[in-house]
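**Q** This is the structure I have questions about; it appears just below.
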Amino acid sequence: MNPNATTPTSTSHATDFRISGLPAEPFQSYFAMTDAELRRHGASRKIATEADLGLMPPCRVSLRDAELGETSILLHYPHHTSATSPYRASGPIYVREGVTQTASFVNHVPAQQRTRLLSVRAYDADGIMVDAEVLPGEELETLIARFFARDDVAFLHAHNARRGCYSCRIDRV
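For the sequence shown, the residue numbers in this note's numbering are 228 to 400.
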């Protein structure tokens, strides 16, 4: 069982949702690479320092920011890969060393998303964007309910609005 997983505490949600991080497995090999090997893969190692306070590397697997002294890898990742969609997209993400389980939150928005300005994109089953909104993360639950009230919305992607990095996927439960 995932220790990050939560279960709904009530059935009053108009639309139950799950916020998911990325699978950990594809990123594990990066941590064994030298800095030169990382550069050849378009990646780099980042150790969180006091200078990063307020803007710690946000892990896309655990959906938790790095803590002081933790190592993360910054790399390019294709997060929207629908083969026939013109909205295919990729970009930079961080993954923290030692994270082996994918975060999964049901009917709960983790702090990492609550504390950021988000760009949320709604896609249909074919991966075509049908709506989008920029909002403070503390308003995410309201937007999720509004987007999932639409029959044509299949899933959502959240991005950090300021830096444009992919944040997480949101699905109906």
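All residues carry an ideal CB built from backbone N, CA and C; glycine is no exception.
Measuring alpha carbon to alpha carbon, tell me which of 378, 392, 243, 300 ends up nearest residue 325.
**A** Locating residue 325 in the sequence shown gives position 98, where the first residue counts as 1. Among 378, 392, 243, 300, the Cα nearest to that of residue 325 is on 300.
**Q** May I ask you to report which of helix, strand or coil DSSP gives residue 298?
**A** Against the sequence shown, residue 298 aligns to sequence position 71. If DSSP states are grouped into helix, strand and coil, residue 298 belongs with the strands.
**Q** Provide the residue span of the beta strand (DSSP E) that contains residue 358, from first to last.
**A** Locating residue 358 in the sequence shown gives position 131, counting from the first residue. That run of the beta strand (DSSP E) goes 356–363.
**Q** For residue 230, I'd like the list of residues in its chain whose CB is within less than 8 Å of its CB, leaving aside the five on either flank, ordered along the chain.
**A** Locating residue 230 in the sequence shown gives position 3, where the first residue counts as 1. Because residue 230 carries a pLDDT of 43, less than 50, the predicted location of this residue cannot be relied on, and no value is offered for it.
**Q** Just curious, the beta strand (DSSP E) that residue 370 is in, first and last residue?
**A** Your numbering for residue 370 matches position 143 in the sequence shown. No beta strand (DSSP E) contains residue 370, which is instead part of the alpha helix (DSSP H) from 367–375.
**Q** So which of 275, 280, 289, 282 has the shortest CA-CA distance to residue 296?
**A** On the sequence shown, residue 296 is found 69 positions in, with the first residue counted as 1. Looking at the Cα atoms, 275 is the closest of the given residues.
**Q** What is the C-beta distance between residue 272 and residue 265, in whole angstroms, given that I count them as a contact (C-beta under 8 Å)?
**A** Taking the sequence shown and counting its residues from 1, one reaches residue 272 at position 45. Taking the sequence shown and counting its residues from 1, one reaches residue 265 at position 38. Confirmed, Cβ separation roughly 6 Å.
**Q** For residue 249, I'd like the list of residues in its chain whose CB is within less than 7 Å of its CB, leaving aside the five on either flank, ordered along the chain.
**A** For the purposes of this step, residue 249 is identified with residue 22 of the sequence shown, where counting begins at 1. Answer for residue 249: 287, 288, 329, listed in chain order.
**Q** Where does residue 317 fall in DSSP's three states?
**A** Here the question's residue 317 lines up with position 90 in the sequence shown. Strand, per DSSP.
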